[in-house]
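Each number in UniProt numbering corresponds to the 1-based position in the sequence shown with 2 added. These notes are about the structure you will find just below.
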Amino acid sequence: MFCYQCQEAAKNEGCTVRGVCGKNEAVSNLQDLLIYTLKGISQLVLKAEEAGVSVPSTDHFIMNGLFVTITNANFDDAAIVQTIKDGLELRDSIKDTLTENGVSLDGLHDAAQWTCATEAELLAKADAPEVGVLATENEDVRSLRELIIYGVKGMAAYAEHAYNLGKTSDEVNKFMVKALAATLDNTLSADDLVALTLETGKFGVDTMAMLDAANTGAYGNPEITEVNIGVRNNPAILVSGHDLKDFEQLLEQTKGTGVDVYTHGEMLPANYYPAFKKYDNFVGNYGNSWWKQNEEFETFNGPVLFTTNCIVPPKGDQGSRIYTTGASGYPGCTHIVADENGVKDFSAIIEHAKKLNPPTEIENGTIVGGFAHAQVFALADKVVDAVKTGAIKKFFVMAGCDGRMKSRDYYTEFAEALPKDTVILTAGCAKYRYNKLPLGDIGGIPRVLDAGQCNDSYSLAVIALKLKEVFELNDINELPIAYNIAWYEQKAVIVLLALLYLGVKNIHLGPTLPAFLSPNVAKVLVETFGIAGIGTVDEDVELFMA
Ligand code: SF4
Ligand code: SF3
């Protein structure tokens, strides 16, 4: 195996024996083969498009397949094997249609041609050198190809959440096909791939805008909310991940059952949506970000539903009360699938909850969030005034992911060290490093404004663009906003590419720069966009405030 897609890549080079995330060699290789298969399918879809032949839709299969390979989403080798087999079937049906229409299949890449007669052959192919990341020998081309693939993985995740709410975009779906196929094309130069990287950012913005419209269209605009972080004395289900449609279905089905519902990790922002506030059994948020789940699931006592990443391999017998759905999966855990209308039956998890103890309290009180674009616009006068009077000197976008590395204490210390006339704008699970600190407020504006999930980084970009308009500036970079972003998995990659596409310069990225950036590609990002790593807290605060 070789994997370097996330921030925890071993030695910041790559995992080669077993993932730091817990992914074993077999799963890692199978994920590579799934991506390889998606690339082959994409090459055929492009061929069909050129020939003007209509072929079976691959949109949902591709977005889901990409999502399955995101860090901490799916560890289930059997499920991935089945997805690959489904992909081969889909691929063959496209080939048949092309052949029937007289389209030549000459010149296809192995990714569009490989076959297997048995599962053993499939497993052997997953381990073949032509399949994995290292198949691209030139390290700069490999770096750019993977940067694009990781961006597209993040895009696919957001596209799938929107899809689950009935929203999809032909342009985004077509771009994913184009990008996947492009990574098989040896005629593309490094410059072509740099251009494609920026285009990935453009479609990242479009996808996040689509998901924002899907979420707010279905559940209303997030609003300022005091979220309870304590517990009640009823049996309960904990929901993690990012999918709001799953969350809604679970709330509907638990209504009147005596079973409470809590959010964990990236599901916390569900508390901010008006549509979910009508459920009396929706209690609040339990615990912190994903990497604390082993200990927090222990004290939660009840079953847990994963709608997406981030799963940490369960400890002891915890797996027996973990349920997965959508792109997520873990061997031995119960996986809940949707019927043809997208309806999921959560009765098993609800019945399971009834047999278990209520959650044990680990903290109490409330935290405040809900500062997505509409809520911030409603407070615009107050915010603009605070900037004009100098009450707010600077905003710090500290969006992104959290992770288990000790070096991430930097973000807590950085938030504590920021001058009192600064405001943190956050989104994603990165917030857990400082959202419970007593940082106070500035004239009633909390010093940590949480817009929501990682995809709600889109809201932060919309807010920045609005401020640019209000202050009549020519360039988004003239605003008193600094970007100190934490990344972990591939959704943070698409958020980063989206910000670059919007023209944001001088983003600091930590706790380490991605292992998949070759020195030359890193140099391009530094020279073109002013991307930098992080230093010490004191140095960085001084640098940002200068
Ligand atoms: Fe390693 Fe991250 Fe890949 Fe897991 S996802 S194998 S931790 S690089
Ligand atoms: Fe967190 Fe996994 Fe990325 Fe959606 S839940 S931000 S790490």
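Ideal Cβ positions, reconstructed from N, Cα and C, are used throughout, including at glycine.
For residue i, the residue or residues it bridges with in DSSP
i: residue 1; result: Outside the displayed span of the chain (3 to 548) sits residue 1, for which this structure offers no information.
i: G512; result: A488
i: G505; result: None; G505 has no bridge partner.
i: G402; result: A488
i: D262; result: A238
i: N14; result: Its beta-bridge partners do not exist; DSSP assigns none.
i: I483; result: F397
i: residue 549; result: This structure leaves residue 549 out entirely; the chain is present only between 3 and 548.
i: I426; result: F398, V450
i: residue 577; result: The chain is shown from 3 up to 548; residue 577 falls before or after that span and cannot be answered.
i: A466; result: Beta-bridge pairing links A466 to no other residue.
i: C5; result: C17
i: A534; result: H510
Integer-rounded CB distance, given that residue j should sit under 8 Å from residue i
i: L499; j: G203; result: 4 Å
i: L427; j: F397; result: 5 Å
i: Y274; j: G371; result: 6 Å
i: T346; j: Q251; result: The sequence shown places Lys at residue 346, not Thr. At roughly 5 Å, the Cβ-Cβ gap stays under 8 Å, so K346 and Q251 are in contact.
i: E141; j: S520; result: 4 Å
i: A230; j: V143; result: Here residue 230 turns out to be Asn, not Ala, going by the sequence shown. Not quite, the Cβ-Cβ distance comes to about 50 Å (not below 8 Å), so this is no contact.
i: T39; j: V47; result: Going by Cβ atoms, the distance from T39 to V47 rounds to 13 Å, so no, they are not a contact pair.
i: Y160; j: L213; result: 5 Å
i: L439; j: A417; result: 6 Å
i: N166; j: G331; result: That belief does not hold up - the Cβ atoms of N166 and G331 are roughly 16 Å apart, past 8 Å.
i: N74; j: T514; result: No, N74 and T514 are not in contact; Cβ-Cβ is about 18 Å, not under 8 Å.
i: N311; j: E298; result: Actually they do not touch by this definition, with Cβ atoms about 16 Å apart.
i: K155; j: T71; result: 6 Å
i: T309; j: F348; result: Incorrect: roughly 11 Å between the Cβ atoms, too far for contact.
i: C403; j: A432; result: 6 Å
i: I447; j: D423; result: Not confirmed; about 11 Å, so no contact.
i: P305; j: L358; result: 7 Å
Outcome for residue i when other beta-carbon atoms lying within 10 angstroms are tallied against a minimum of 16
i: S322; result: exposed
i: V339; result: exposed
i: E123; result: exposed
i: Q45; result: buried
i: D172; result: exposed
i: Q492; result: buried
i: residue 550; result: A question about residue 550 goes unanswered here, because the residues of the chain that appear run from 3 up to 548.
i: E368; result: Here residue 368 turns out to be Thr, not Glu, going by the sequence shown. It is exposed - the Cβ of T368 has fewer than 16 other Cβ atoms within 10 Å.
i: A466; result: buried
i: E529; result: exposed
i: residue 1; result: No information on residue 1 is available, as it lies outside the stretch 3 to 548 that the chain covers here.
i: L186; result: buried
i: D383; result: exposed
i: A113; result: buried
i: T120; result: exposed
i: D452; result: buried
i: D411; result: exposed
i: Q115; result: exposed
i: P237; result: buried
i: L545; result: exposed
i: N76; result: buried
i: A80; result: exposed
i: K408; result: exposed
i: L481; result: buried
Contact with chain B by residue i, beta-carbon distance below 7 Å
i: T218; result: Of the chains in the structure shown, none is chain B; there is only one protein chain.
Length at least 4, wholly inside the region 169-243: the alpha helix (DSSP H) runs in chain order: Entirely contained in the region 169-243, the alpha helix (DSSP H) runs reaching 4 residues are, in chain order, 172-184, 192-221.
Contact set, the ligand SF4 heavy atom to C-beta under 7 Å: A distance filter of 7 Å between CB atoms and the heavy atoms of the ligand SF4 selects the following residues in sequence order: C5, Y6, Q7, C8, E10, A11, A12, G16, C17, G21, V22, C23, K25, S30, T73.
Completely contained alpha helix (DSSP H) runs for the region 323-382, where each covers 4 or more residues: Whole alpha helix (DSSP H) segments, 4+ residues: 349-356, 375-380.
Whole runs of the beta strand (DSSP E) within the region 266-292, excluding any shorter than 3 residues: Taking only runs of at least 3 residues, the beta strand (DSSP E) segments lying wholly in the region 266-292 are 284-287.
Those runs of the alpha helix (DSSP H) which lie wholly inside the region 39-101 and span at least 4 residues: List check, alpha helix (DSSP H) in window: 61-70.
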